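Beneath this line is the structure, given in structure tokens, with notes to follow.
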Amino acid sequence: MDTKKWFIATVAVFAVMFGLEYVIHGVLLSDIYQQTASVWRPETEMQQHMWLMWFGYAIFAAVFVWIYTKGYETHKSPLGQGVRYGLLVGLLVATVQSFGWYAVLPIPAALAMWWFVAGLVECLAIGVTASLTYQKTSPFPEKK
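When you number the sequence shown by numbering that gives the first Met the number 0, it's gap-free, plus one each residue, and the end is 143.
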């Protein structure tokens, strides 16, 4: 594993996750969250604990990219590998999260389905991000 590329890919994956999490949860699903406010912590309490969520995402990004590097195949398209990897991890994570939380929280089925779809989309995006930032040959020509 190329540690420098792993670190760059980890930072890129974290940045994409950060942006997508904001769009998905802060914008697209905000109305559903407001309708189900009794289920969640109060906003001020959530903000106090937000660092834990981002710490978890940082660990996830590092491990996500590390696992990607273990299965990286130099003779195959990085983009195709990123899509395949993102889809598989997305199915693994989104299925357990969305349906598991639906089973234990009094939330609408629509929210669980949106979580599932958003989880797949997010993992596809970060799979592609990992593949394009970790690939063995840079997509950008080096300056001499």
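No residue lacks a Cβ here, since even glycine has one placed at the ideal position from N, Cα and C.
If you're wondering where the values come from, they're calculated on a predicted model, not measured in any experiment.
What three-state label does DSSP hand residue i in the structure shown?
{"i": "H48", "result": "helix"}
{"i": "M0", "result": "coil"}
{"i": "E121", "result": "helix"}
{"i": "K69", "result": "helix"}
{"i": "H74", "result": "coil"}
{"i": "Q149", "result": "Because the chain is modelled from 0 through 143, residue 149 falls outside the range shown and cannot be assessed."}
{"i": "R40", "result": "coil"}
{"i": "I106", "result": "coil"}
{"i": "T35", "result": "coil"}
{"i": "L91", "result": "helix"}
{"i": "L19", "result": "helix"}
{"i": "L86", "result": "helix"}
{"i": "L27", "result": "helix"}
Identify, in the order they occur along the chain, each residue of the same chain with its Cβ nearer than 8 Å to the Cβ of residue i, setting aside the five sequence neighbours on each side.
{"i": "L78", "result": "V127, S130 and L131"}
{"i": "W53", "result": "F17"}
Quick one: residues in its chain with C-beta nearer than 7 Å to the C-beta of residue i, no 5 flanking neighbours on either side, listed in chain order?
{"i": "L19", "result": "E121 and A124"}
{"i": "T68", "result": "M0, W5 and Y133"}
Just the Cα atoms here: how many angstroms apart are residue i and residue j?
{"i": "A111", "j": "W39", "result": "15 Å"}
{"i": "S29", "j": "V15", "result": "19 Å"}
{"i": "A117", "j": "Y56", "result": "16 Å"}
{"i": "M49", "j": "H24", "result": "13 Å"}
{"i": "F109", "j": "Y71", "result": "Checking the displayed sequence, the identity of residue 109 turns out to be Ala instead of Phe. Going from the Cα of A109 to the Cα of Y71 covers about 36 Å."}
{"i": "A144", "j": "F13", "result": "The requested residue 144 is not part of the displayed model; the chain covers only 0 to 143."}
Stretch-stretch touch, CB-based, cutoff 8 Å, three pairs: the region 81-95 with the region 122-136: yes
Are the region 88-103 and the region 40-57 touching by the rule of at least three beta carbon pairs closer than 8 Å? As far as the Cβ criterion goes, the region 88-103 does not touch the region 40-57, which means the pair count is below three.
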